[in-house]
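The structure appears right after this line, and notes come after that.
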Amino acid sequence: MAYQIDIECNSQSQHIPAAADLEHWISTALQSQSLEEAEVSVYIVDEEESQELNVQYRGRDYPTNVLSFPADIPEEVGLPLLGDLVVCAPVVEREAREQGKTLQAHWAHMLIHGTLHLLGFDHIDDDEAEAMETLETQIVTGLGYPAPYQEITEE
10 MAYQIDIECN SQSQHIPAAA DLEHWISTAL QSQSLEEAEV SVYIVDEEES QELNVQYRGR
70 DYPTNVLSFP ADIPEEVGLP LLGDLVVCAP VVEREAREQG KTLQAHWAHM LIHGTLHLLG
130 FDHIDDDEAE AMETLETQIV TGLGYPAPYQ EITEE
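The opening residue of the sequence shown carries number 10 in our numbering; numbering runs sequentially from there.
This is the structure we're talking about:
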């Protein structure tokens, strides 16, 4: 398998996982779909830039954890470019704290989630959401992290 994963960081965060971890999580998601070849770019940003991109491309005026930008290249061209992921480090860090997850586990989940979007998975309707969440859970737990969608129950 030949995966090209390019990582660029424009964040002040001191808690970004190692590039090798980021590459491993994305590669694992790509392998789940038996892709032989793929190219993904990862751009790590802070809240201001995430919010600007979220407004520009989704019409939502707040920073978000991960944005996926699938490449719009016809299959017959034969380029393995899947697209770009933009990850907002401060949002991922805050969500991990709020959800009681380790930072590594949440970063892994966000990169897997974003990569699955690049592969065409979505969660717009209930059936698609269930299929995507099931696959995410399989990949995340296969990496040794807890299931990402565990419901919190109060006793």
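In this text, a Cβ means the ideal position worked out from N, Cα and C, and glycines have one as well. Note that the structure is a prediction, hence the values are computed from the model and not measured.
Specify the secondary structure class of residue i as computed by DSSP and reduced to three states.
{"i": "tyrosine 66", "result": "helix"}
{"i": "leucine 76", "result": "strand"}
{"i": "alanine 47", "result": "strand"}
{"i": "serine 25", "result": "Per the sequence shown, residue 25 should be read as isoleucine rather than serine. Three-state result, isoleucine 25: coil."}
{"i": "isoleucine 53", "result": "strand"}
{"i": "glutamine 42", "result": "coil"}
{"i": "glycine 123", "result": "helix"}
{"i": "isoleucine 82", "result": "coil"}
Within its chain, find whatever has a CB closer than 7 Å to the CB of residue i; leave out the 5 residues flanking it on each side and keep chain order.
{"i": "threonine 73", "result": "Ser59, Asn63, Cys97 and Val100"}
{"i": "leucine 39", "result": "Tyr12, Ala47 and Thr124"}
{"i": "proline 201", "result": "Outside the modelled stretch of the chain, which goes from 10 to 164, sits residue 201, for which no answer is possible."}
{"i": "glutamate 32", "result": "Ile14"}
Measure the C-alpha to C-alpha separation of residue i and residue j and round it to an integer number of angstroms.
{"i": "glutamate 139", "j": "glutamate 17", "result": "31 Å"}
{"i": "leucine 112", "j": "tyrosine 154", "result": "11 Å"}
{"i": "glutamine 23", "j": "glutamate 102", "result": "10 Å"}
{"i": "glutamate 48", "j": "leucine 90", "result": "5 Å"}
{"i": "isoleucine 148", "j": "alanine 117", "result": "9 Å"}
{"i": "isoleucine 133", "j": "histidine 126", "result": "11 Å"}
{"i": "glutamate 85", "j": "glutamate 107", "result": "44 Å"}
{"i": "valine 75", "j": "leucine 44", "result": "22 Å"}
{"i": "aspartate 81", "j": "glutamate 137", "result": "21 Å"}
{"i": "threonine 150", "j": "aspartate 30", "result": "15 Å"}
{"i": "glycine 109", "j": "methionine 119", "result": "15 Å"}
{"i": "glutamine 61", "j": "aspartate 131", "result": "The displayed chain sequence assigns glutamate, not glutamine, to residue 61. Spanning the two alpha carbons is a distance of roughly 22 Å."}
Taking the continuous beta strand (DSSP E) assigned at residue i, which residues delimit it?
{"i": "glutamine 13", "result": "11–19"}
{"i": "aspartate 93", "result": "90–97"}
Between residue i and the rest of its own chain, which residues show a CB-CB distance below 6 Å, the 5 nearest in sequence each way excluded?
{"i": "alanine 11", "result": "Glu46"}
{"i": "glutamate 142", "result": "Tyr158"}
{"i": "alanine 105", "result": "Leu112 and His115"}
{"i": "tyrosine 52", "result": "Glu17 and Val95"}
{"i": "isoleucine 161", "result": "Residue placement at isoleucine 161 cannot be trusted, given a pLDDT of 45 that sits under 50; what the coordinates show is reported in the next sentence. Closer than 6 Å at the Cβ level, and outside the excluded window around isoleucine 161, lies no residue."}
{"i": "serine 183", "result": "Here the chain has residues from 10 to 164 only, and residue 183 is not among them."}
{"i": "leucine 88", "result": "Ile82"}
Along the alpha helix (DSSP H) that carries residue i, what are the first and last residues, could you check?
{"i": "glutamate 139", "result": "135–151"}
{"i": "histidine 132", "result": "Segment: none, histidine 132 is in no alpha helix (DSSP H) and carries neither H nor E."}
State yes or no: is the C-beta of residue i within less than 7 Å of the C-beta of residue j?
{"i": "leucine 94", "j": "glycine 123", "result": "yes"}
{"i": "serine 77", "j": "aspartate 55", "result": "no"}
{"i": "leucine 152", "j": "glutamine 42", "result": "no"}
{"i": "glycine 68", "j": "proline 79", "result": "no"}
In chain order, what residues of the same chain have a beta carbon less than 8 Å from the beta carbon of residue i, not counting five sequence neighbours either side?
{"i": "alanine 28", "result": "Ile16"}
{"i": "isoleucine 121", "result": "Trp34, Ile35, Thr37, Ala38, Glu145, Ile148 and Val149"}
{"i": "tyrosine 66", "result": "Leu76 and Phe78"}
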